[in-house]
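If you're matching positions, the sequence shown starts at 556 in the numbering used here and goes up one per residue. This report concerns only the one structure given below.
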Amino acid sequence: MTSKVAVVTGGSRGIGRACAVALAEAGWTVAVGYRTSEHDAKETLDALEAAGTPGIAVTLDVCDEASVAEAFRRVSEEAGPVTGLVNNAGMSRDGLLLRYPVEVLDATLATNLRGAFLCCRAALRGMLRERWGRIVNMSSAVALHGNAGQTVYAATKAGLVGLTRSLAREVGAKGITVNALCPGLLDTQMTSHLTEEARAYYVDQTPLQRPAHLEEVAAVVRFLMSEEASYVNGAVIPVDGGLTA
Ligand SMILES: NC(=O)c1ccc[n+]([C@@H]2O[C@H](COP(=O)([O-])OP(=O)(O)OC[C@H]3O[C@@H](n4cnc5c(N)ncnc54)[C@H](OP(=O)(O)O)[C@@H]3O)[C@@H](O)[C@H]2O)c1
556 MTSKVAVVTG GSRGIGRACA VALAEAGWTV AVGYRTSEHD AKETLDALEA
606 AGTPGIAVTL DVCDEASVAE AFRRVSEEAG PVTGLVNNAG MSRDGLLLRY
656 PVEVLDATLA TNLRGAFLCC RAALRGMLRE RWGRIVNMSS AVALHGNAGQ
706 TVYAATKAGL VGLTRSLARE VGAKGITVNA LCPGLLDTQM TSHLTEEARA
756 YYVDQTPLQR PAHLEEVAAV VRFLMSEEAS YVNGAVIPVD GGLTA
């Protein structure tokens, strides 16, 4: 059996933490990538232990090439070859295009798209050696339907879809699958700035009439990372309660 060691970027809270826990339940040793909060990362580690497979915490800023390289080196050294990657780290700043600050555009591209590229590259080296791997990229339903005020975020998430489909074609023959998830609304720090009206609007647009629970997204990630998902490759999967149906 191949080693089951996965890196989850932005794993210290929100969707990333839920994915880490779901993977630990499935026997993965998870490296919880965190950028700012060691305290939150430790809380995730406690949850991993409770889920049955202890993990490790590793500082990982996806915008910083050296940080990515060092994190993957450390994880391989401490836990074994990395065969799983969840590119979950992301940022979102809403704003109309005409007034959007170019610095925020650059930061969003660097985090959501360039960061995923760097982590895929770092993870692939070990996966190719193992001739097995699973990559899941956290895109968004916004990549599929667009949203006024979210041109930049949507463009980065649509970019992830293109990266996913193309990389899936590059590495599929090596036993590595690459898939993308497009969640709809979840109540996390990222969406905590939404006004009641905006939140109600998204809920109203969603046939299931509610946001997703974190576990509902994490369960799909766990499946895509499993041996059972061996023929799912290059898929772009909405987990949005029917928002984009
Ligand atoms: N919530 C939603 O409704 C929703 C819907 C669809 C897709 N998503 C996507 O799901 C993913 C997780 O979001 P969330 O809702 O759980 O939001 P969140 O709680 O704000 O989590 C975002 C995570 O990304 C990390 N991060 C940001 N910049 C980073 C960097 N440069 N390097 C490493 N980590 C970085 C954050 O850590 P730091 O604070 O330490 O930087 C945090 O752990 C994101 O990719 C988001 O776009 C969310």
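C-beta: ideal position from N, C-alpha, C; glycine also.
The beta-carbon distance between Glu633 and Ile611, rounded to whole angstroms, is 6 Å. This is short enough to meet the 8 Å contact definition. Taken through DSSP and simplified to helix, strand or coil, Met693 comes out as strand.
Burial state of Arg628 is exposed, judged by a 10 Å Cβ sphere holding fewer than 16 other Cβ atoms. When the alpha-carbon of Ala575 is set against those of Leu699, Arg590, Gly688 and Thr599, the nearest one is in Thr599. Between Tyr756 and Val707, the gap from beta carbon to beta carbon reaches 8 Å or more.
A residue is called buried once 16 or more other Cβ atoms fall within 10 Å of its Cβ, and Tyr589 is buried on that count. Taking 7 Å as the cut-off, one finds no heavy atom of ligand 1 near enough to the beta carbon of Pro793. Collapsing the DSSP output to three states places Tyr589 in a strand. Nearest to Arg689 by alpha-carbon distance, out of Leu722, Val697 and Ala800, is Leu722.
Burial state of Val585 is buried, judged by a 10 Å Cβ sphere holding 16 or more other Cβ atoms. Fewer than three Cβ pairs drawn from the segment 676-687 and the segment 746-764 lie within less than 8 Å of each other, which leaves the two stretches out of contact. Separation of Val613 and Val563 (C-alpha to C-alpha, rounded to the nearest whole angstrom) is 10 Å. Annotated three-state conformation of Val563 is strand, per DSSP.
Taking every protein chain shown into account, the CB of Leu615 has 16 or more other CB atoms within 10 angstroms, so this residue is buried. Runs of alpha helix (DSSP H) with 4 or more residues, each lying fully within the segment 641-677, are found at 657-664, listed in chain order. Here the distance from the Cβ of Ala753 to the nearest heavy atom of ligand 1 is not below 7 Å.
In the three-state DSSP reduction, Cys574 falls in the helix class (H, G or I). Gly645 has its Cβ nearer than 7 Å to a heavy atom of ligand 1. The DSSP-derived three-state label of Val791 is strand.
As computed with DSSP, Cys737 is found in a beta bridge with Pro793. By alpha-carbon distance to Ala696, the top candidate from Val776, Cys737 and Gly569 is Cys737. For the pair Val623 and Gly635, the Cα-to-Cα distance works out to about 16 Å.
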